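Step one of this worksheet: look at the structure below.
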């Protein structure tokens with residue numbers, strides 16, 4: 525029973541490590557791609573500014589309970 529638990533634990537750790545590694549590598553490629561394209565950086569900044577402005581306006585007009 526102990527051996528089975530250890531094997532399952534090691535399998536979970538291995539799979540989690542591989543999935544996390546793939547996520548990190550993909551995010552790195554995407555960040556590099558965005559970094560080499562200034563137009564996308566402007567679009568991203570504009571989009572985030574719009575989202576944050578919308579949240580600020582919503583908070584400003586929200587009624588208190």
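Residue numbers (the numbering used here): 525 to 589. Using N, Cα and C, we set each Cβ at its ideal position, and we do this for glycine too. Just so you know, these numbers come straight off a predicted model, no measurement behind them.
Can you tell me which of the three DSSP states residue 589 falls into?
Working through the chain shown from its first residue, we reach residue 589 at position 65. Residue 589 falls in the coil class under three-state DSSP.
What alpha helix (DSSP H) runs, 4 residues minimum, are completely inside the stretch 526 to 578?
Entirely contained in the stretch 526 to 578, the alpha helix (DSSP H) runs reaching 4 residues are, in chain order, 526 to 559.
Could you give the C-beta distance for residue 549 and residue 558, rounded to a whole number, given that I count them as a contact under 8 Å?
Working through the chain shown from its first residue, we reach residue 549 at position 25. Working through the chain shown from its first residue, we reach residue 558 at position 34. Not a contact, Cβ separation roughly 15 Å.
CA-to-CA distance, residue 584 to residue 544, given in whole angstroms
Taking the first residue of the chain shown as position 1, residue 544 is located at position 20. Taking the first residue of the chain shown as position 1, residue 584 is located at position 60. Cα to Cα, residue 544 sits roughly 39 Å from residue 584.
Have a look at residue 540 and residue 525 and give me their C-alpha separation to the nearest angstrom.
Taking the first residue of the chain shown as position 1, residue 540 is located at position 16. Taking the first residue of the chain shown as position 1, residue 525 is located at position 1. Roughly 23 Å separates the two Cα atoms.
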